[in-house]
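Heads up: the sequence lines are chains A and B, in that order.
Numbering-wise (numbering that gives the first Met the number 0), the first sequence opens with residue 0 and increments by one.
Numbering-wise (numbering that gives the first Met the number 0), the second sequence opens with residue 0 and increments by one.
Structure record follows, encoded as structure tokens.
There are 2 protein chains.
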Amino acid sequence: MPTLSQENYLKALWHLAADGKVTLQRLASHLGVSPASALAMVRKLSANKLVTYRRTTGIRLTAKGRLTALQIVRRHRLWEVFLHDKLGYQWDEVHSIAEQLEHVAPADLTERLDAFLGYPRFDPHGDPIPQHDGTLPGRSDLVLSEQPPAMYRIVGLVQTHDALLRQLHSLNLTIGQVVELRHHRSFDDVFVLRVGQNTEHIGRAVAERIIVEPA
Amino acid sequence: MPTLSQENYLKALWHLAADGKVTLQRLASHLGVSPASALAMVRKLSANKLVTYRRTTGIRLTAKGRLTALQIVRRHRLWEVFLHDKLGYQWDEVHSIAEQLEHVAPADLTERLDAFLGYPRFDPHGDPIPQHDGTLPGRSDLVLSEQPPAMYRIVGLVQTHDALLRQLHSLNLTIGQVVELRHHRSFDDVFVLRVGQNTEHIGRAVAERIIVEPA
DNA sequence: TTCATATTTTAGTCACGACTAAAAAATAAT
DNA sequence: ATTATTTTTTAGTCGTGACTAAAATATGAA
């Protein structure tokens, strides 16, 4: 388990890796820290197999390091959603508070929070929330209500509130579930789903909140 | 602003003060720390005017220290309510997680959380949640549904969920509001309230969640 | 009171994560 | 190619909050 400081470094490294080689300088100035301090920490992270560092390649996250970083970003963005959606903060106020909360990480807290928030896929800034498995939702993901009849896997539930979430749960419409989509013969805002043995009918408002990929 | 460690000491001191003189030994063993470490920290707290320490009296919180400690306990217990009521943790699981969250304290986060949770007065263990002004709710507080007709001030809303909270808010039934209670002439689980110019009717289930004091 | 025990206090260390200043190495410019 | 500049690295410090071991002070029992 990385320390609090190590987590901040990993998160910074993940962000910086998006545009190019990560030098000590970049890392240090991003964190407002001296290059000497950055080097010391990079060595610790390296000893923990979270990063590799060679002068030529710069600092690179290992698979393990990237996974860890993604979980921190995930927690950060989920807390941002909480602060915005539940506590009514403005989108520009949530970042600094989430920065504190993101380091709280007992066992299943993140997953419970995710469920409580209705499996949001984007934070209040519109940035994608890394999923449990380390994948990032793309803006190109498919909304169930817009798909032709076929087999789909549910990969996300958007802006779901408690009541709807319970409803979906009772219909077995949960993340990971594979469903067969058909359209209703008469009503174009009723969607017919085969879920395992059962056939369920849901409305457009609900179908718009279910994100799928072809299965 | 006390450091994270200082906050833990203050909280421990507040808890320990409940039963008698607080010696270095008690403090140290409560925190799992050596007496020498405890002394060092007590000196820092003393320099910050948060505690006084004389061999004879033991360690005592100053008014400032007590206020600070109460705010930490407040945050702790509010987070416990969140974890229990919103994330579905069992009452015995919340303590250790809240221990992490209690140190996150930007400006109005605590107050927003309090409002979001419906101004709970007791945590999942049944312990009172210190109020913003540092007072502790007593178990002797009055439940509106059990009171005779008279004027009352609303001092708490118990175990309120979102929907109910919105309802109460729309009726102006918020903390601090003064209302005149009357009983319905025919139905004994309907309560009639004069709130300012308006007369409102609420059911027993709602009235049971409104805590009052005579006004 | 005097000795034994418990508590408090000092003194010196350690790990962590930061710092500065200067040395070493790599890169760029003339 | 040699110099100048930037980047990396070393070396030594500092503050925080912990530690141990031993000294000083209280407290309790005979």
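Using N, Cα and C, we set each Cβ at its ideal position, and we do this for glycine too.
Check, Outcome
"Could you tell me whether the region 123–135 of chain A touches the region 79–86 of chain A, using the rule of 3 or more Cβ pairs below 8 Å?", "yes"
"Relative to the C-alpha of residue 174 (chain B), which candidate in B:155, B:163, B:188 and B:180 has its C-alpha closest?", "B:155"
"Do we get a CB-CB distance below 8 Å when we pair residue 154 (chain B) with the residues of chain A?", "no"
"Would a check of beta-carbon distances place residue 115 (chain B) closer than 8 Å to chain A?", "yes"
"Near residue 38 (chain B), which residues of its chain fall below 6 Å by C-beta distance, leaving aside the five closest residues on each side in sequence?", "23"
"Whose C-alpha, out of B:49, B:94 and B:101, is nearest the C-alpha of residue 61 (chain B)?", "B:49"
"Quick test of the definition: if touching needs 3 or more C-beta pairs under 8 Å, does the region 2–14 of chain A touch the region 43–59 of chain A?", "yes"
"Consult DSSP for residue 203 (chain B) and reduce its assignment to one of helix, strand or coil.", "helix"
"Identify each residue in the region 83–95 of chain A for which the Cβ-Cβ distance to at least one residue of chain B is less than 8 Å, and report them in chain order.", "85, 86, 87, 88 and 95"
"Of all the options B:104, B:108, B:74 and B:106, which has the alpha carbon lying nearest to the alpha carbon of residue 94 (chain B)?", "B:74"
"Got a sec? Which residues, its chain only, sit under 7 Å from residue 142 (chain A) by beta carbon, not counting five neighbours each side?", "207 and 210"
"Quick one: list the residues of chain B neighbouring residue 105 (chain A), beta-carbon separation under 8 Å, in chain order.", "95, 96 and 99"
"Quick one: does residue 108 (chain B) have its CB under 8 Å from some CB of chain A?", "yes"
"With DSSP as the reference, please indicate the residues paired to residue 212 (chain B) in a beta bridge.", "B:152"
"Can you tell me whether residue 200 (chain A) is buried or exposed, with buried defined as 16 or more other CB within 10 angstroms of its CB?", "exposed"
"With DSSP as the reference, identify every bridge partner of residue 193 (chain A), one or two as the case may be.", "A:179 and A:198"
"Looking at the secondary structure, which residues open and close the alpha helix (DSSP H) in which residue 8 (chain A) lies?", "3–16"
"Can you look up residue 111 (chain B) in the DSSP assignment and give me helix, strand or coil?", "helix"
"Enumerate, from N- to C-terminal direction, the unbroken alpha helix (DSSP H) stretches of 4 or more residues contained entirely within the region 61–112 of chain B.", "62–80 and 93–100"
"Closest by CA to residue 157 (chain A), which one among A:31, A:205, A:135 and A:192?", "A:205"
"Report the neighbours of residue 111 (chain B) on chain A: residues whose CB is nearer than 8 Å to its CB, in chain order.", "86, 87 and 88"
"State the DSSP-derived secondary structure class of residue 21 (chain A), mapped to helix, strand or coil.", "coil"
"Sort out for me which residues DSSP pairs residue 52 (chain B) with in a bridge.", "B:58"
"Nearest CA to the CA of residue 184 (chain A): which residue from A:178, A:177 and A:148?", "A:148"
"Looking only at its chain, what residues have a beta carbon closer than 7 Å to the beta carbon of residue 214 (chain A), apart from the 5 residues adjacent to it on each side?", "150, 151, 152 and 177"
"For a quick check, are the C-beta atoms of residue 8 (chain B) and residue 44 (chain B) less than 8 Å apart?", "yes"
"So what does DSSP say about residue 32 (chain A), is it helix, strand or coil?", "coil"
"Could you check how far apart the C-beta atoms of residue 193 (chain B) and residue 144 (chain B) are, in whole angstroms? I think they sit under 8 Å.", "Contact flag wrong, Cβ pair sits at about 16 Å."
"Return the residue from the list A:186, A:113, A:100 and A:87 that minimises the CA-CA distance to residue 86 (chain B).", "A:113"
"List the whole-angstrom C-beta distance separating residue 108 (chain B) from residue 96 (chain A), where the pair is believed to meet the contact cut-off of C-beta under 8 Å.", "6 Å"
"Thinking just about the alpha-carbon of each residue, which of B:181, B:136, B:121 and B:101 is nearest to the one in residue 5 (chain B)?", "B:101"
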